[in-house]
Amino acid sequence: MPSTQDWINNPLGVVEGMFAASQNSPNSGWEMKAVEFFKDQLKEKDTHTLVPSLNDVPLHYLKPNSLVKFRCFIQDMFDPEFYMSAYETVDPSTKAKALRCGKYRDVTECGVDFNSSNTVTSERQTFYCVPIPGENPWVKEKYAGDSQARVVPSTSYVPSRQKRSHEDDEDDDMDTQPQKQREPHTGPHSQTEQHGSSDCKRQETEAPSGPAASASQVDLNFPLPGERGPACLVKVYENWDSFKLNEMLEVFGILSVSPALSALAEEKDATSSLLDPMEGMESAEEQRVHCPPASLVPRLHMLCARTLPHNNPLLPAAAPGDNSASLSASVSEMASVREELLAYFTHVLLGDALAAEYLVLHLISDVYTRRDVLPLGKFTLNLSGCPTVSSYTERLYQIIQQLVPSSFYLGMSLQNMNQMSFVPRKDYVANRLVSGALQLARNTTLFLDETKLQQGQLDATGVRNVTALGNLISWQKVDYDFNYHQMEFPCNINVLVASEGRSLLPSDSQVHLQPQVAPAQLDQYLGSLHLHPQTSAQLNKFRMYLSMARLLDYSISDEVTKSVEDDFVDMRKDDPQSVSAEDLHRMLVVARLLSVSLGRTSLSRDGWLRAKHIEMQRKSRVEQHKSVNGNEP
Numbered sequence: 001m002p003s004t005q006d007w008i009n010n011p012l013g014v015v016e017g018m019f020a021a022s023q024n025s026p027n028s029g030w031e032m033k034a035v036e037f038f039k040d041q042l043k044e045k046d047t048h049t050l051v052p053s054l055n056d057v058p059l060h061y062l063k064p065n066s067l068v069k070f071r072c073f074i075q076d077m078f079d080p081e082f083y084m085s086a087y088e089t090v091d092p093s094t095k096a097k098a099l100r101c102g103k104y105r106d107v108t109e110c111g112v113d114f115n116s117s118n119t120v121t122s123e124r125q126t127f128y129c130v131p132i133p134g135e136n137p138w139v140k141e142k143y144a145g146d147s148q149a150r151v152v153p154s155t156s157y158v159p160s161r162q163k164r165s166h167e168d169d170e171d172d173d174m175d176t177q178p179q180k181q182r183e184p185h186t187g188p189h190s191q192t193e194q195h196g197s198s199d200c201k202r203q204e205t206e207a208p209s210g211p212a213a214s215a216s217q218v219d220l221n222f223p224l225p226g227e228r229g230p231a232c233l234v235k236v237y238e239n240w241d242s243f244k245l246n247e248m249l250e251v252f253g254i255l256s257v258s259p260a261l262s263a264l265a266e267e268k269d270a271t272s273s274l275l276d277p278m279e280g281m282e283s284a285e286e287q288r289v290h291c292p293p294a295s296l297v298p299r300l301h302m303l304c305a306r307t308l309p310h311n312n313p314l315l316p317a318a319a320p321g322d323n324s325a326s327l328s329a330s331v332s333e334m335a336s337v338r339e340e341l342l343a344y345f346t347h348v349l350l351g352d353a354l355a356a357e358y359l360v361l362h363l364i365s366d367v368y369t370r371r372d373v374l375p376l377g378k379f380t381l382n383l384s385g386c387p388t389v390s391s392y393t394e395r396l397y398q399i400i401q402q403l404v405p406s407s408f409y410l411g412m413s414l415q416n417m418n419q420m421s422f423v424p425r426k427d428y429v430a431n432r433l434v435s436g437a438l439q440l441a442r443n444t445t446l447f448l449d450e451t452k453l454q455q456g457q458l459d460a461t462g463v464r465n466v467t468a469l470g471n472l473i474s475w476q477k478v479d480y481d482f483n484y485h486q487m488e489f490p491c492n493i494n495v496l497v498a499s500e501g502r503s504l505l506p507s508d509s510q511v512h513l514q515p516q517v518a519p520a521q522l523d524q525y526l527g528s529l530h531l532h533p534q535t536s537a538q539l540n541k542f543r544m545y546l547s548m549a550r551l552l553d554y555s556i557s558d559e560v561t562k563s564v565e566d567d568f569v570d571m572r573k574d575d576p577q578s579v580s581a582e583d584l585h586r587m588l589v590v591a592r593l594l595s596v597s598l599g600r601t602s603l604s605r606d607g608w609l610r611a612k613h614i615e616m617q618r619k620s621r622v623e624q625h626k627s628v629n630g631n632e633p
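The numbering of the sequence shown is the UniProt record's numbering, which starts it at 1 and goes up by one.
Quick look at the structure:
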């Protein structure tokens, strides 16, 4: 049984040992056994914390061909590619032949016999993965702090590598292994190419870095502006259909950053310039996108991965019912934590307890299912009446940012609306999905600051962006632009709109802020908001609470359903004009959120009455504000 150091530092050794053993028993199913071996190792208590993470360890500290993990977001999916999963080599001096394993590698051993009948060509899929968009600093710090991985700078990989030229890479390659002893590992990208000759062998994944290739010259295609972190080409060998675009993953795989990759890719780049474009080969632009420098975009050969239902490091990555008694105890404390959070939000929202109640409900909302085109569970909140002094909306966002795992602040200025790219689009020349600001992971909090609106004209881009925001809010979907058609991608994004008057965008609920602070004292009060920081222990309680509430199951008994129906009929009798089916739906959503906010998994009669009460308060306040400001939309 390999030791921990063996399977983390030299996973290829484990794989090759199983491959070699399988030669004596052709039906051994060694590939599945290899994957199960690593899965079993990672199931051991806290073993996964020993594996270094691309998210928090610089690339030059990681040992090539070692086991690493990556918490990421599938930004794009490339076409499948061919590679040699088994191949034969010939020793040039002795002519001895040996069968080699090509799985989880980008380059082959020297002396490949391309005419061997023992060559096995297989297929793998490539995902372009980036760090989770908008993941907040406290999340990254917590994940990094939990790691027990011990890494030191690789002696063959220096920190300045990302800014060095391709010529330097070649020098390194000559130092470590003669370039002529390396062969491209992958076969042709399409079936129209011949697979039999070495001239047609193509390294599908490695990169044409021109002179002085650097991050500034390679578009890493992050969805959000200003994002940092590693992008990665994840090679998937099995069950790739089980993964979806925009999913959050934790991938465990073998890291590949071989300097030989750049030389192979440059050969491709030089060759492609001589080819007829009608031959169906990759364009130079497509090669640059699909084969970025390995020093900037490493390759990760997936051994196993899990889809993340959330990225809160304070919770296990599973539903509460599947976890320990300590988590169940946390559920039992939800009602008391809710009261503390409510008091904190009341302070933040200038003494407005009703607005604080609705902010809690908004932050735990989640699209739990879809009925036809209708997403059930969404709860977009329009917080109107926000002060425009002392950067109040920015302060409010910063406070929310401290509580939720992922978020993004979008000031709806005319410049942003007219210039930013919200909707992802397909670039057919580079054969990739160009990301947009609305390509976000599930349960990301999107904070739209409408107080930044100015007078002016939206251009065609601005109109498209406003339409995209409206579709996102109403239908929880984004229509990606595929040039000749649009493709609908469902999403699950919590949208909070802060505005002075009622928002121009649709919402599920509008709460008009009623500050309990005298206008003369408002500046001083706002200035003191950050003078009352919560302790880290209290912040962690709030963070766990907001994520746990989303994970709770919820149901309504037949008895309570009948009671709600009777109640709705009575309300319609009393005032048919003021209560609609839409109002009933909203009250049911509020009742659901109120229940789970208290740690309850079913609706009680009291919960329904409480939902009715706060909805009546909210509607009364909105109507009162409309009557005072009759000219407001």
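A virtual CB, placed ideally from N, CA and C, is assigned to each residue, including glycine. Quantities reported herein were computed from a predicted structural model and do not represent experimental measurements.
Excluding the five sequence neighbours on either side, which residues of its own chain have a C-beta within less than 7 angstroms of the C-beta of residue i, listed in chain order?
i, result
"Asn492", "Asp366, Val367, Arg442, Asn443 and Gln476"
"Asp168", "In this prediction, Asp168 scores a pLDDT of 44, lower than 50, which makes its location untrustworthy; no coordinate-derived value is stated."
"Leu224", "Pro133, Gly134, Phe408 and Ala437"
"Leu598", "Met334, Ala335 and Arg338"
"Leu50", "Thr4, Ile8, Gln148 and Ala149"
"His625", "His512"
"Lys452", "Gly411, Met412 and Ser413"
Secondary structure at residue i, three-state DSSP: helix, strand or coil?
i, result
"Asn10", "coil"
"Lys142", "helix"
"residue 643", "Here the chain covers residues 1 to 633 and nothing more, so residue 643 does not appear."
"Ala549", "helix"
"Lys244", "coil"
"Val517", "coil"
"Ser627", "helix"
"Tyr480", "strand"
"Asn540", "helix"
"Met412", "coil"
"Asn494", "strand"
"residue 634", "The question about residue 634 has no answer here: the residues shown for the chain are numbered 1 through 633."
"Ala98", "strand"
So, at 6 angstroms on beta carbons, what are the nonlocal neighbours of residue i in its own chain, with the 5 sequence-adjacent residues on each side left out?
i, result
"Gly385", "His512 and Leu513"
"Ala353", "Thr346"
"Ser499", "Ser384 and Glu450"
"Val57", "Val151"
"Phe542", "Leu341 and Leu403"
"Ser28", "Ser22"
"Gly229", "Pro131"
Can you have a look at residue i and say buried or exposed, based on whether 16 or more other CB atoms are within 10 angstroms of its CB?
i, result
"Tyr428", "exposed"
"Phe482", "exposed"
"Asp449", "buried"
"Arg502", "buried"
"Ser332", "exposed"
"Gly226", "exposed"
"Lys140", "buried"
"Thr307", "exposed"
"Gly527", "exposed"
"Thr369", "exposed"
"Leu458", "exposed"
Are the Cβ atoms of residue i and residue j separated by less than 9 angstroms?
i, j, result
"Phe408", "Gly111", "no"
"Pro515", "Leu342", "no"
"Gln125", "Trp30", "no"
"Gln510", "Val622", "yes"
"Phe38", "Phe243", "no"
"Val389", "Leu522", "yes"
"Val590", "Ile614", "yes"
"Ser536", "Pro405", "no"
"Cys291", "Val35", "no"
"Arg100", "His301", "no"
"Leu62", "Leu361", "no"
"Tyr480", "Val423", "yes"
"Leu245", "Phe489", "yes"
Spatial neighbours of residue i within its chain, please: CB distance less than 8 angstroms, with the 5 preceding and 5 following residues excluded, ordered by chain position.
i, result
"Ser563", "Arg605 and Trp608"
"His48", "Leu42, Lys69 and Phe252"
"Leu12", "Asn65, Tyr104, Arg105 and Ile254"
Less than 8 angstroms between the CB of residue i and some heavy atom of the ligand NAP, yes or no?
i, result
"Leu584", "The model on display carries no ligand, and the ligand NAP is accordingly not part of it."
When you compare the CB of residue i with every CB in chain D, is at least one pair closer than 9 angstroms?
i, result
"Lys235", "This model lacks chain D altogether; it includes just one protein chain."
Could you name each continuous beta strand (DSSP E) segment of 3 residues or more that falls completely within the region 33 to 91, going from the start of the chain to the end? 67 to 77 and 81 to 90
For the region 365 to 403, list the beta strand (DSSP E) runs that are entirely contained and at least 3 residues long, ordered along the chain. 369 to 371, 374 to 376 and 381 to 384
Unbroken stretches of the alpha helix (DSSP H), 4 residues or longer, contained in the region 431 to 481: 460 to 475
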